[in-house]
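Trainee: Pasting a structure here, questions to come.
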Amino acid sequence: MNFIKIIKNPIKSSRFNIKYLPKNAASSISFASKVNIFKKESILKQFKSTTSTQNTTAATNLKKDHIKKPPTTETHLVDNGNTIVSVLKNGIKVSSENKPGHFAALGVYIDVGSRYESPESFGASYLLDRLSFKSTENLSTEKVREKIEALGGNISCYSSRECMMYQAAVFTDAVNEAMQLLGESILRPKFEADEVAEVLDGISWEVADIKSKPEVYLPELFHEVAYKSNTLGNSAIFPEDQLSKITPELLKEFHKNWFSPERIVISAIGVDHKKLLEYCVSAGFENLPKNNAFYNPTNIKIQPTVHNKHSTSGVTQESTLNESNTSGSIISGIRNLFSSHPSSSQKPLNVASVSSNNLSTSTDTQSNDKTPLDSSTLENKLFVLANTQSKYTGGIKFIPDSSAEFTSLHLGFESVGVTDENKLYSYAALQMLLGGGGSFSAGGPGKGMYSRLYTRVLNQYGWVESCMAFHHCYSDSGLFGISASCRPGSEYQMLETVIDELLIVANHNSVKNRHSKNSRNAPGSFSKGRVSFGSSGDLMLTDLEIERAKNMLKSSLLMNMESRLIQLEDLGRQIQVLNKKVDLTEVCEKIDQISSEDISKAAADLFKNPVTILVNGKVEGLEKYGMNMLRHRGILIPE
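Our numbering applies: residue 388 is where the sequence shown begins, and numbers increase by one.
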């Protein structure tokens, strides 16, 4: 989302030696994970542009809150002096920022990924990534390769849980050629049997290579444990048991179903908007037919209930579709996304939103004659897959591995999605506040050496190999926690230390109040359950720490936004997920407003959810000890 993608998914494809995002993009503000919150600085100015002589393009207004008007046969542009957004007549959004420079960047972003896969199509997104820029209906693989080499730019394809993105950075005079190549590869892939077989032959080696790298594999496995293999828990790595099930026909069907106009955004940096529209039309994007499955063609009235069995009070909590609880978020509701592009006669209905606003005027919250959703048809299956709310479950998994050099731990909780504007900033600052890294870090300022996990963990305990905070952020959910590794024999201390560091920040307000009131406890003493955390000087967050974390957050944002490719991804993913472009100036203002209480509350809110723990390495006896310690500290244990 993007948001501040401090830790980016490292699983990427490598095709034809095509260059991908630079290494510094690993801590970029690119969307996909994870905190991308930019708002327009000035009021949008609306104007009408002359209708195209071919009457082939159509556009709609991009409001500050969301796009409300459906595409028409006329061209309406919104221009705030920088960002321009249009909509082609089939619903594809086209956005651009014509910034000067020798290079232009363009990208196509599709709402498809492992999150939307069914048991029959598991691994399809992974394969589409690997099959990018292969043979098409009009070009052979060799011809595609020649065109890529002739362009001489940076061309890539990357798939994640919620998005597949095709990007290119080329000279400004080669934008049309690059768009034609993207259109050919995205809209008309051939999926030749021999090419599919070639990719499948290398899957086993790729998966084995990924599993040999804990820093890559464990975050993927952590998602599966946290979401119990539903939606965001679907593996972004190809499941090896699918090798015999994937066929060219299945890939063609998956591509046909999900590569639809309602789920596509085209963005460009350094390109004139009118020319960009012409390039998109000539590449064939406007001829892509709509898929009615992503609306609600039968006007089914659905009002699902989401149950949370892990209430701290022991009472089952319920949230219904039309419950209003916006709290000033960027978009009303938690998941008015992805399928929020209504046609002139139909509006998509969000099947399983939690605490969302009314997403369809045809839905009557008081009506009792709701037709059950029949998932027997393909359209309804796609509709359900596209609109199912992610369900965080939490989980605990210990993987014994006697050959592992270090014991690795991931501990976290559910946080928020990118549309929860208020808490999103706080979690971004909390990640910077905790910081962390490896046991060795080459010099240079700005590396977070004064963050809490460095000063309180890495610099204090010789057995720690690495310790850092992470935040995976998605459209309607997120995962916040700490990952750590240690030498065998120190697993107990590592687990306890990681939990305590989160609890200390979460209990900051309580410590502050106790210290200021001179309670009966010894000065500077505070306990959670029956565990003492030491002196108040160690527990309380200082103004210096808070300001440092906020400055680091702003610095990271500003530095990464110097990259044209990151600017491109930021623009495309914001339009796709938020339906608007948020300006960096307001982001910095919001960051400046964060207080220590905001950060402490964000940390405390984590503990309202059941914990997710994943440990790999020497785990003998650790599970029993860990469970007792969690109960001792009052942490919710998943069922």
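Heads up, the beta-carbon is just placed ideally off N, CA and C, and yes, glycines get one too.
Since we're looking at a predicted model, the values are computed, not measured.
Could you tell me which of Val-668, Arg-532, Ser-508 and Ile-542 sits nearest to Asn-477, measuring between CA atoms?
Mentor: Nearest option by C-alpha distance: Val-668.
Trainee: Measure the CB-CB distance between Asn-617 and Ala-791 and report whether it falls below 8 Å.
Mentor: Contact flag unset, no.
Trainee: At what residues does the alpha helix (DSSP H) containing His-642 begin and finish?
Mentor: Per DSSP, His-642 belongs to the alpha helix (DSSP H) from 635 to 645.
Trainee: So for Met-939, helix, strand or coil by DSSP?
Mentor: Looking at Met-939 - three-state DSSP - the assignment turns out to be helix.
Trainee: Using only the alpha-carbon positions, how far apart do Thr-842 and Leu-1023 sit?
Mentor: Whole-angstrom Cα-Cα distance: 28 Å.
Trainee: Look up Asn-1015 in the DSSP assignment and say whether it is helix, strand or coil.
Mentor: In this structure, Asn-1015 counts as helix in the three-state DSSP scheme.
Trainee: Quick check: what's the CA-CA separation for Leu-943 versus Ser-622?
Mentor: Here the sequence assigns Ser to residue 943, which means Leu is not the residue at that position. Cα to Cα, Ser-943 sits roughly 29 Å from Ser-622.
Trainee: Using only the alpha-carbon positions, how far apart do Arg-650 and Asp-498 sit?
Mentor: Taking the straight line from one Cα to the other gives about 5 Å.
Trainee: If you follow the alpha helix (DSSP H) that Lys-810 is in, where does it begin and where does it stop?
Mentor: That run of the alpha helix (DSSP H) goes 808 to 821.
Trainee: Would you mind listing the alpha helix (DSSP H) stretches within the stretch 757 to 801 that are 4+ residues and don't spill past its ends, in chain order?
Mentor: As far as the stretch 757 to 801 is concerned, its whole alpha helix (DSSP H) runs of at least 4 residues are 765 to 774.
Trainee: For Leu-352 and Glu-1007, I'd like the C-alpha separation in whole angstroms.
Mentor: Outside the displayed range of the chain (388 to 1026) lies residue 352, so it cannot be described from this structure.
Trainee: Contact between the stretch 986 to 1001 and the stretch 881 to 897: three or more CB pairs below 8 Å?
Mentor: Short answer: they touch.
Trainee: Please tell me whether Leu-931 and Ala-816 are closer than 8 Å, where the distance is taken between their beta carbons.
Mentor: No, they are not a contact pair.
Trainee: Closest to Val-771 by C-alpha separation, out of Ala-492, Ser-543, Tyr-503 and Lys-937, would be which residue?
Mentor: Cα-wise, what sits closest to Val-771 is Tyr-503.
Trainee: What is the rounded straight-line gap between the Cα of Ser-572 and the Cα of Ser-522?
Mentor: Cα-Cα distance, rounded: 8 Å.
Trainee: By a C-beta neighbour count over all protein chains shown, 10 Å radius and 16 as the cutoff for buried, is Gln-880 buried or exposed?
Mentor: Result: exposed.
Trainee: Since Pro-648 and Ile-479 should fall inside the 8 Å C-beta cutoff, what is the C-beta to C-beta distance between them, to a whole number of angstroms?
Mentor: 5 Å between Cβ atoms; contact.
Trainee: So for Gln-961, helix, strand or coil by DSSP?
Mentor: In the structure shown, Gln-961 sits in a helix (DSSP, three-state: H, G or I).
Trainee: Enumerate in chain order the residues of its own chain whose CB-to-CB distance from Lys-577 is below 8 Å, with the five nearest sequence positions on each side excluded.
Mentor: The answer, listed in chain order, is Lys-521, Ser-522, Thr-523 and Glu-524.
Trainee: Taking Gly-500 and Glu-579 to be in contact with their CB atoms under 8 Å, please state how far apart those CB atoms are, rounded to whole angstroms.
Mentor: Wrong, their Cβ atoms sit about 24 Å apart, outside the cutoff.
Trainee: Determine the DSSP secondary structure at Phe-827, reduced to helix, strand or coil.
Mentor: Here Phe-827 sits in coil by DSSP.
Trainee: Can you tell me whether Lys-530 is buried or exposed? The criterion is at least 16 other CB atoms within 10 Å of its CB, across all chains shown.
Mentor: Exposed, by the Cβ-count rule.
Trainee: Enumerate in chain order the residues of its own chain whose CB-to-CB distance from Ser-813 is below 8 Å, with the five nearest sequence positions on each side excluded.
Mentor: The answer, listed in chain order, is Ile-981, Asp-985, Ile-986, Lys-988 and Ala-989.
Trainee: Taking all protein chains shown into account, do 16 or more other C-beta atoms lie within 10 angstroms of the C-beta of Pro-997, making it buried, or fewer, making it exposed?
Mentor: It counts as buried.
Trainee: One question on the structure: do Gly-822 and Ala-856 come within less than 8 Å of each other, judged by their Cβ atoms?
Mentor: Taking 8 Å as the Cβ cut-off, Gly-822 and Ala-856 qualify as a contacting pair.
Trainee: Counting only runs of 4+ residues fully inside the stretch 576 to 610, write out the alpha helix (DSSP H) ranges in chain order.
Mentor: Listed in chain order, the complete alpha helix (DSSP H) runs (minimum 4 residues) inside the stretch 576 to 610 are 580 to 598.
Trainee: Is it true that the stretch 794 to 801 meets the stretch 863 to 872, where meeting means three or more beta-carbon pairs spaced less than 8 Å apart?
Mentor: Touching, per the Cβ criterion.
Trainee: For Lys-1005 versus Glu-883, is the C-beta spacing smaller than 8 Å?
Mentor: No, Cβ-Cβ distance for Lys-1005 and Glu-883 is not below 8 Å.
Trainee: Excluding sequence positions up to five away, which residues of its chain have a Cβ less than 6 Å from the Cβ of Ser-527?
Mentor: No residues qualify anywhere along the chain.
Trainee: If we define contact as Cβ-Cβ less than 8 Å, is Val-495 a contact residue for chain C?
Mentor: The structure shown contains no chain C; it holds only a single protein chain.
Trainee: In whole angstroms, give me the CA-to-CA distance for Gly-539 and His-489.
Mentor: For Gly-539 and His-489, the distance between alpha carbons rounds to 14 Å.
Trainee: Helix, strand or coil, according to DSSP, for Asn-541 in the structure here?
Mentor: If DSSP states are grouped into helix, strand and coil, Asn-541 belongs with the strands.
Trainee: Mapping DSSP to helix, strand and coil, what is Gln-847?
Mentor: Residue state, collapsed to three classes: coil.
Trainee: Is Gln-880 helix, strand or coil by DSSP?
Mentor: Three-state result, Gln-880: helix.
Trainee: Give me the DSSP bridge partner(s) of Met-552.
Mentor: Tyr-496 and Tyr-545, per the DSSP bridge assignment.
Trainee: Who are the Cβ neighbours of Lys-937 in its own chain at under 7 Å, not counting the five residues just before and after it?
Mentor: Around Lys-937: Ala-816, Ile-978, Asp-979 and Ile-981.
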